[in-house]
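Here the structure comes first, spelled out in structure tokens, and everything after it is commentary.
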Amino acid sequence: MITLLRRTAFNVGVGNADAHARNFSVLHEPDGSVIKLAPLYDVLSTIALELTDNAARLLLADTHLGQRVGRSTDIWNVAAADIVQEGVTWGICRSSDRRLRHHGPSDRWC
Numbered sequence: 006m007i008t009l010l011r012r013t014a015f016n017v018g019v020g021n022a023d024a025h026a027r028n029f030s031v032l033h034e035p036d037g038s039v040i041k042l043a044p045l046y047d048v049l050s051t052i053a054l055e056l057t058d059n060a061a062r063l064l065l066a067d068t069h070l071g072q073r074v075g076r077s078t079d080i081w082n083v084a085a086a087d088i089v090q091e092g093v094t095w096g097i098c099r100s101s102d103r104r105l106r107h108h109g110p111s112d113r114w115c
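Mind the numbering: the sequence shown is residues 6 to 115 in the numbering used here, read in order.
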């Protein structure tokens, strides 16, 4: 789960607002012994795209997320706390997540 959370943070960091559930896959070992996340794919900075309509007028990139992160639905509003909160809702104990964000000694997670 921490790997998935890191990938979520990476997508936010590069400005990929189009990271939705179909952009994450799992790989199965032939004997079924291991199931793991597939390598990242379909990753690009959607907020950096310069889009135009048929008349060559500049369009604003859509910054609404393909899936919510924490309570945020717009990539510009995602803060580190939203990513941490997302991990907590997935059952990631905050004490095991110190690699994603440093917290002070009084910040108890579990």
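Built from N, CA and C at the ideal position, the CB exists for glycine as well.
Since the model is a prediction, treat every value here as computed from it, not as a measurement.
Give every residue of the same chain whose Cβ lies closer than 6 Å to the Cβ of residue i, excluding the five residues on either side of it in the sequence, and list them in chain order.
i   : result
S38 : none
N28 : D47
H68 : It should be pointed out that residue 68 corresponds to Thr in this sequence rather than to His. So the list reads A22, I52, D79, I80, W81, once near-sequence residues are dropped.
Do you know whose CA, among the options, lies nearest residue i's CA?
i    : options            : result
D79  : R11, N16, I7, M6   : N16
N116 : H25, L49, G18      : Outside the shown range of the chain (6 to 115) lies residue 116, about which nothing can therefore be said.
K41  : D47, V48, P35, V31 : V31
L64  : L54, G20, W95      : L54
L45  : A61, R62, H25      : H25
In this structure, does DSSP put residue i in helix, strand or coil?
i   : result
S30 : coil
G71 : strand
L45 : coil
Take residue i and list the residues in its own chain whose beta-carbon comes closer than 8 Å to its own, dropping the five residues that flank it on each side.
i   : result
D36 : none
S77 : L70, V83, A84, D87
Among the residues of its own chain, which have a CB less than 7 Å from the CB of residue i, if the five just before and after it don't count?
i   : result
L49 : N21
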